[in-house]
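What follows is a set of notes on a single structure, which appears directly below.
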Amino acid sequence: RQSVRATFKLSEKAISAISIVSIHLGIKQKSLFDHLIEDTKSLNIIAQEAHSDRPKRGNRMQKTYVLSRKTLSTLDRISRIFDIPRDALVEHSIERLLPLIAREREKHRLRKEILNDLGQYLEHGKKILGKSKEYLGEDDPVTYKIESALVASIHAYDYTDSYIEKGRIIEDF
50 RQSVRATFKL SEKAISAISI VSIHLGIKQK SLFDHLIEDT KSLNIIAQEA HSDRPKRGNR
110 MQKTYVLSRK TLSTLDRISR IFDIPRDALV EHSIERLLPL IAREREKHRL RKEILNDLGQ
170 YLEHGKKILG KSKEYLGEDD PVTYKIESAL VASIHAYDYT DSYIEKGRII EDF
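The letter at position 69 of the sequence shown is residue 118 when you use my numbering, and the numbering goes up by one with no holes.
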């Protein structure tokens, strides 16, 4: 798809929402806009709602995004049909992401709780491994399996920890 740049005046919350969803879910901003804007049925509904509920001008910042030419064309067409500024249409489209962000923030909180539990599990696993080495010896097949399980658990802990770290951006939204 051909890419074009488009500048919108958006609220800080909308700009943050795009960044958070993009970073947290690993979706390119261009793909996110394609998904939000190219769903013309939803966009028509959003345009009708936005037309009757014009957003307050408030604090707006200019932000340039890369979009596909088709997405920009769809946005322009719906904007003309419903006589609503592109900025308002984009702003209202981005608002569809807010429930997703709320769900992801709750999942993030739960992941942190699970990471804590996993840390306690690892500590207990280390004690069991120590006991197995002491009672059965390092070369015993049971000790080997326990050690393998512990190594896998450590990898799971490290992965979960880095995933949580990547998602910290969602905590302040």
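Even for Gly, the Cβ is constructed at its ideal location relative to N, Cα and C.
On a predicted model such as this, the values are computed, not experimentally measured, just so you know.
Counted within 10 angstroms of its Cβ, other Cβ atoms place residue i as buried (16 or more) or exposed
i	result
Y114	buried
T89	exposed
T192	buried
E172	exposed
T56	exposed
H157	buried
S49	Here the chain has residues from 50 to 222 only, and residue 49 is not among them.
A201	exposed
G216	buried
I95	buried
I67	buried
Beta-carbon gap between residue i and residue j smaller than 7 Å
i	j	result
I219	H73	yes
L85	S142	yes
F222	I76	no
G168	L199	no
I127	R160	no
Q97	K58	no
L178	I195	yes
Cutoff 8 Å; reference residue i; Cβ partners in own chain excluding five residues on either side
i	result
D210	L164
S71	K77, Q78 and L81
Y206	L164, L167, G168 and L171
Own chain, CB closer than 7 Å to residue i, minus 5 neighbours either side, in chain order
i	result
V53	L116, R118 and L121
A99	I133, A137, L138 and H141
I64	M110 and K112
Contact set for residue i: own chain, Cβ-Cβ below 6 Å, skip 5 residues either direction
i	result
R135	L124 and S128
L146	A66 and V70
Q51	R118
CB contact below 7 Å: residue i versus chain B
i	result
L85	Protein chain content of the structure displayed is limited to a single chain, and chain B is not contained in it.
Are at least three pairs of beta-carbons, each pair with one atom in the region 184-201 and one in the region 137-157, less than 8 Å apart? No, the region 184-201 does not touch the region 137-157.
Just to confirm the assignment: which complete beta strand (DSSP E) runs, minimum length 3, are found wholly within the region 53-130? Here the runs fully enclosed are 109-117.
So within the region 115-202, which uninterrupted alpha helix (DSSP H) runs reach at least 4 residues, ignoring any that extend past its ends? The region 115-202 contains, as complete alpha helix (DSSP H) runs of 4+ residues, the segments 118-130, 135-144 and 147-185 (chain order).
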